[in-house]
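These notes concern the structure reproduced below.
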Amino acid sequence: MRPDDLFEPYAPEPFADFSDASVNASFRAALERVRGELGTDHPLVIDGQRVSTDAWLDSTDPCAPDRLVGRAAMANAKHIEQAFDAAWAAFGPWSRLPMEHRARLLVKLAAVMRRRREELAAWLVFEASKNYLEAIADVAEAIDFCEYYARESLHLVAPARTYHWPGEENTSFYQPLGVGVVIPPWNFLLAILVGTAVGPVVVGNTVIVKPSPSTPIIASVFMDCVDEAGFPPGVINLVTGADADLGDALVDHPRTRFVNFTGSVATGMRINERAAKVNPGQKWLKRVFLEMGGKDALIVDETADLAAAAAAAVASGFGFQGQKCSAMSRLIVVSDVYDEVLGRVLDLTAKLSVGPAEENHDVGAVITERQYDKILGYVEAGKLEARLAAGGGKAESAGPGWFIQPTVFAEVPPSSTIACEEIFGPVVSVMRAKGFDEALALANGTIYGLTGGVMSRDRARLERARREFAVGNLYLNRKITGALVGIQPFGGFNMSGTNSKAGGPDYLRGFMEMKTVSERF
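For the sequence shown, the numbering used here assigns the number -3 to the initial residue and increments by one for each residue that follows.
This is the structure:
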């Protein structure tokens, strides 16, 4: 049987049409069911067992900070050792299973999450302030990672292509690395958690997952799905708690074989540096996979469909409050159409509603008070550097949560703070370029290289962007967020990460090493 014949062809999980009254009502019912489960305790998961601890980490709703989403157990050094014991004990039998056996478990996990997708999405609404579409899209992406990696893993079973030598049999094949540490972020709190865990796992590794302390509860709910799907104990282990207690300890540990991280540049650089050190008892060089930040730009030239360009800019800049590494934070417009594009963007921005995610507003709360204060600090800096065109402060009428007005700055200088640093919030800098040459230079004038886009009808310019726009994901005549698993492999250049390309055909091979066997007869 060929690998492509084992499962039905891959296709991305569809989202949901919330303009349909029945779909909307069904999701609101799921919200009410999950509301009844808020405030409960969520232990660690080590070797398939729920492990409670003496200390607990509160996870609260960003839209209503006095609402407890749940309490996650806080792991300590003892639990870290237990997790490594479990993961390494499971690695042997798990790695020896046929690839198709592990792939079937991923397909089963996808089926479990598909049956529970409204419940999972409801947790995202409460824990991360995702509106209905953002929440369901997050769950759909998690399902996609399982389905896609299950199928891609089957292509790694056959020996690698090598040439023959007389009198010998020579084979080269891929084998898993061992136990890895998975550190996902809070923004795609289910999708990236799932993708960064099941990718290494399907090719035979075992993992210890340490989710963000801002969003630990969905990780516990995911582990319920792992159990329901029938994964053996110890294959996926969950330790929750404070970064200061867990982060360095997991990265530094001599039994860590690889680290799969998504998050900020500062943390990614710290992980990269610490993982490079060989600690006592360590007998390998750790592999590190980093997906970090972006300062993503959308270029609009004078030939573009300006209505479509403005819509793409607003969707890319303010979707999920701008809390995406792929979010557009710089809109670079050539002078001939600058005023018109800015006017259209301001009109669309003014129509965005801000309020609690459970009411399905366009813009919800940012994730934490710390992030809220940080973003407002950038807003104040922007007021000194550029012209405030929209927003510019707290959205106090939205409620008691961490709400910030969708903010647009105009005539932003290229060297300004808001044009150079990743803000990770609902703040867009609109920059003027004399022409396309300068626009492209401005877009590339950053340490990052994650996503970018060009809105133009000029074929020569589009082709030039394909060659010269230095980003890992380039979007032409569409928004610059929303990469689909298996269709737009995701990952960037420069300080945006190691370009491991999640959801792409090369991703799984990173978590394997090649062994060559020669036998002379």
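Cβ coordinates follow ideal geometry from the N, Cα and C atoms, glycine included.
Closest Cα partner of residue i within the set the options
i       : options                        : result
Lys320  : Ala124, Asp43, Ala25           : Ala124
Gly506  : Ser514, Asn495, Ile214, Glu515 : Asn495
Cys142  : Leu116, Thr192, Gly226, Glu115 : Thr192
Glu33   : Pro396, Ala118, Val199, Asp140 : Ala118
Arg(-2) : Arg266, Ala154, Ala21          : Ala154
Ser260  : Ile179, Val108, Val30, Ala271  : Ile179
Ala466  : Ile295, Leu2, Asn490           : Asn490
Asp223  : Ala131, Arg46, Pro89           : Arg46
Thr252  : Ala240, Ala271, Arg516, Asp62  : Ala271
Tyr145  : Ser208, Gly200, Gly289, Trp182 : Gly200
Val198  : Gly174, Gly44, Glu407, Phe517  : Gly174
Leu105  : Glu4, Ala138, Thr56            : Ala138
Thr202  : Ala83, Arg147, Ala307          : Ala83
Pro94   : Ser149, Arg453, Ala85, Ile42   : Ser149
Lys475  : Leu294, Ser22, Gly499, Glu355  : Leu294
Ala131  : Ser55, Ser452, His357          : His357
Val408  : Arg428, Leu152, Glu336, Glu459 : Arg428
Gly487  : Gly478, Thr477, Gly468         : Gly468
Phe257  : Val296, Phe218, Asp292, Val177 : Val177
Pro410  : Met265, Ala437, Gln367         : Ala437
Glu509  : Ser168, Phe285, Asp62, Thr56   : Ser168
Pro58   : Lys291, Glu365, Asp297, Val30  : Glu365
Thr36   : Asp239, Met109, Ala305, Ile214 : Ile214
Arg147  : Glu96, Ala304, Leu246, Leu302  : Glu96
Lys511  : Thr158, Leu40, Gly44           : Thr158
Met219  : Ala309, Lys430, Val108, Asp335 : Val108
Val41   : Val135, Asp248, Val217, Asp297 : Val217
Which residues DSSP lists as bridging residue i, in chain order
i      : result
Pro172 : Met508
Gly449 : Leu294, Tyr471
Asn490 : Tyr444
Met52  : For the record, residue 52 in the displayed sequence is Trp; it is not Met. Answer is Ala69, bridged to Trp52.
Thr236 : Partner(s): none; Thr236 has no beta bridge.
Ala406 : Arg383
Gln45  : Ile42
Val424 : Val404
Asn256 : Val178, Phe285
Val516 : According to the sequence as given, residue 516 is Arg; it is not Val. BP columns for Arg516 point to Glu164.
Arg326 : Ala293, Ser425
Thr202 : Val175
Val359 : Val350
Asp57  : Ala60
Lys518 : Given a span of -3 to 517 for the chain in the structure shown, any question on residue 518 remains unanswerable.
Ala498 : Phe486
Length of the line joining the Cα atoms of residue i and residue j
i      : j      : result
Thr263 : Ile371 : 18 Å
Leu338 : Asn127 : 26 Å
Asp244 : Lys279 : 19 Å
Ala353 : Ala361 : 8 Å
Asp50  : Phe80  : 20 Å
Ala461 : Leu472 : 9 Å
Glu287 : Leu185 : 14 Å
Val341 : Leu120 : 28 Å
Gly387 : Ala60  : 21 Å
Val190 : Lys206 : 12 Å
Pro501 : Val359 : 34 Å
Ala140 : Ala187 : Here the sequence assigns Asp to residue 140, which means Ala is not the residue at that position. When rounded, the distance between both Cα atoms is 9 Å.
Ala12  : Leu129 : 7 Å
Ile419 : Gly493 : 17 Å
Trp52  : Arg67  : 6 Å
Ser331 : Leu458 : 18 Å
Glu355 : Lys497 : 34 Å
Asp343 : Thr447 : 25 Å
Glu376 : Val333 : 28 Å
Gly373 : Val424 : 14 Å
Arg516 : His160 : 12 Å
Rounded Cβ spacing between residue i and residue j (contact assumed at less than 8 Å)
i      : j      : result
Leu470 : Gly449 : 7 Å
Ile170 : Gly482 : The displayed chain sequence assigns Tyr, not Ile, to residue 170. Going by Cβ atoms, the distance from Tyr170 to Gly482 rounds to 20 Å, so no, they are not a contact pair.
Tyr503 : Gly195 : 6 Å
Gln518 : Pro422 : Lying before the first or after the last residue shown, residue 518 is absent from the chain, which here runs from -3 to 517.
Ser514 : Asn275 : That pair is no contact at about 34 Å.
Val65  : Phe122 : 5 Å
Ala300 : Ser55  : Rounded, the Cβ-Cβ distance is 43 Å, inconsistent with contact.
Chain B within 8 Å of residue i, Cβ atoms only
i      : result
Glu459 : Looking for chain B here will not work: only one protein chain is present.
* Mind the definition here: the stretch 366 to 383 touches the stretch 321 to 328 only if three or more C-beta pairs lie below 8 Å; say whether that holds. => no
* Three or more C-beta pairs closer than 8 Å, one from the stretch 387 to 394 and one from the stretch 234 to 249: is that the case here? -> no
* Assess, as a yes-or-no matter, whether the stretch 394 to 404 is touched by the stretch 342 to 351 under the definition of 3 or more beta carbon pairs within less than 8 Å. => yes
* To do: Could you tell me whether the stretch 410 to 419 touches the stretch 60 to 77, using the rule of 3 or more Cβ pairs below 8 Å?
  => no
* Looking at C-beta atoms only, is the number of pairs between the stretch 98 to 117 and the stretch 217 to 228 that lie closer than 8 Å three or more? -> yes
* Is the stretch 265 to 284 close to the stretch 311 to 320, with three or more CB pairs under 8 Å? -> no
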